[in-house]
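Some notes on the structure that comes next.
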Amino acid sequence: MTDRAVETGALGTPESIARALRARSDVRPAAAIVLGSGLGVVETRVTDPMVVPFREIPGMPGTSVVGHAGRFVLGRLGGLPVLLQSGRFHAYEGHPPAVLALGVRVAAELGASVLVATNAAGGIRDDLEPGALVLIEDHVNLTGLNPLVGPVQEGETRFPDMTEAYDAELRAIVAASGARLGETLRSGVYGAVLGPSYETPAEVRMLRTLGVDVVGMSTVPEVIAARARDMRCVAVSMVTNRAAGLSVAPLSHEEVLEVGTRAGARLARVLEASLERLAGAQSMEAK
Numbered sequence: 031m032t033d034r035a036v037e038t039g040a041l042g043t044p045e046s047i048a049r050a051l052r053a054r055s056d057v058r059p060a061a062a063i064v065l066g067s068g069l070g071v072v073e074t075r076v077t078d079p080m081v082v083p084f085r086e087i088p089g090m091p092g093t094s095v096v097g098h099a100g101r102f103v104l105g106r107l108g109g110l111p112v113l114l115q116s117g118r119f120h121a122y123e124g125h126p127p128a129v130l131a132l133g134v135r136v137a138a139e140l141g142a143s144v145l146v147a148t149n150a151a152g153g154i155r156d157d158l159e160p161g162a163l164v165l166i167e168d169h170v171n172l173t174g175l176n177p178l179v180g181p182v183q184e185g186e187t188r189f190p191d192m193t194e195a196y197d198a199e200l201r202a203i204v205a206a207s208g209a210r211l212g213e214t215l216r217s218g219v220y221g222a223v224l225g226p227s228y229e230t231p232a233e234v235r236m237l238r239t240l241g242v243d244v245v246g247m248s249t250v251p252e253v254i255a256a257r258a259r260d261m262r263c264v265a266v267s268m269v270t271n272r273a274a275g276l277s278v279a280p281l282s283h284e285e286v287l288e289v290g291t292r293a294g295a296r297l298a299r300v301l302e303a304s305l306e307r308l309a310g311a312q313s314m315e316a317k
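When we follow the working numbering, the leftmost residue of the sequence shown carries the number 31, and every step to the right adds one.
Here's what the structure looks like:
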């Protein structure tokens with residue numbers, strides 16, 4: 031399935047895609063995980079995985095960016111049933127906002143109440159060097175896009191409150207899980223830009239003035255859609271490069287993937303430990 035499906039109006043609905051996944055697996059995910067560039071290593075930690083390539087699902091667009099595999103993985107991570115989206119959609123690929131949020135809406139249809147988003151980002155704040163893991167505490171949406179524009183989708187809030195888009199309790203769980211593994215997760219504000227060109231040094235100076243700590247080209251549309259479905263959200267940026275003007279080296283997607291390969295395994299362990307703790311908490315609540 032290619033972008034032609036979107037152009038011809040053949041895009042599947044969250045409901046139809048969820049039905050296709052139910053037919054392939056009996057896993058009912060409690061959490062959805064969206065993987066950023068080069069973070070496919072997280073897949074290897076999923077137990078009893080059922081892998082469903084996007085191309086095998088009617089109405090599901092394909093991915094076109096290197097480092098985004100283009101498949102769903104249903105299974106367990108840290109003992110928690112999950113739907114893992116290995117390969118996300120970006121506006122710079124030509125996708126409309128509805129496609130950017132499609133995986134999140136599918137997860138909500140399957141019953142997921144938590145969204146875990148990951149991304150590769152450029153570090154703006156001085157202490158955020160390549161390899162740093164950053165818990166997103168808030169965001170600034172500079173893409174001009176919002177997946178809620180248009181008719182209200184069933185089950186969604188027209189005007190979701192974004193005061194605490196990134197759940198404080200979930201952030202505390204991820205930070206504590208990281209600390210037990212010897213990983214320090216800093217907190218920061220994520221700035222979402224359209225891309226695909228990297229930011230100019232002047233734009234990076236503007237972002238710093240706006241209070242942005244890391245910058246990337248994803249995540250925010252997914253979080254907005256998740257909050258409209260009343261999903262709790264937590265997101266981690268993996269700093270893969272210093273933003274433009276802050277390093278003498280030119281920016282490249284190859285660098286993003288290289289750092290992602292090295293630091294992705296660390297983030298995978300943190301996520302697994304975090305979901306294990308969340309699974310334990312849900313088990314206690316059910317008793």
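We put the beta carbon where it would ideally sit given N, CA and C, even for glycine. Computed from a prediction, not measured in an experiment: that's the story for all the values here.
Here ASP243 is buried: its Cβ has 16 or more other Cβ atoms, across all protein chains shown, within 10 Å.
Only residues of its own chain outside the window of five on either side were considered, and among them TYR122, MET247 have a CB closer than 6 Å to the CB of GLY225, listed in chain order. Inter-segment contact for the stretch 139-146 and the stretch 40-50 is present: three or more beta-carbon pairs are separated by less than 8 Å. Judged by pairs of C-beta atoms under 8 Å, the stretch 163-181 touches the stretch 217-224, as three or more such pairs exist.
Taking a contact to require three or more Cβ pairs closer than 8 Å, the stretch 192-199 and the stretch 255-272 qualify as touching. Judged by DSSP secondary structure, ARG257 falls outside any beta strand (DSSP E) and instead within the alpha helix (DSSP H) spanning 250-258. Between LEU107 and GLU302, the C-beta spacing is below 9 Å. With respect to the 9 Å criterion, ALA48 and LEU110 are not classified as neighbours on the basis of their beta carbons. DSSP, read as helix, strand or coil, puts LEU301 in helix. Going by DSSP, ILE203 is part of no beta strand (DSSP E) but of the alpha helix (DSSP H) stretching over 198-210. For THR230, the secondary structure class from DSSP, reduced to helix, strand or coil, is coil. In this model, PRO127 and THR239 are separated by some 27 Å (Cα to Cα). For the pair of segments examined, the stretch 144-154 was found not to touch the stretch 176-188: the number of CB pairs separated by less than 8 Å stays below three. With respect to the C-alpha of GLU186, the residue from VAL134, VAL234, GLY153 having the closest C-alpha is VAL134. When DSSP assignments are scanned along the stretch 127-179, the uninterrupted stretches of beta strand (DSSP E) that are 3 or more residues long and fall wholly within it turn out to be 144-153, 163-171.
With respect to the C-alpha of ALA99, the residue from VAL72, THR77, ALA311, GLN183 having the closest C-alpha is VAL72.
Counting along the chain, ILE63 sits inside the beta strand (DSSP E) bounded by residues 61-65. CA-to-CA, the gap between PRO83 and ARG257 works out to about 26 Å. The Cβ atoms of ASP78 and GLY117 do not sit closer than 9 Å to each other.
The C-alpha of ALA311 lies about 45 Å from the C-alpha of ALA232.
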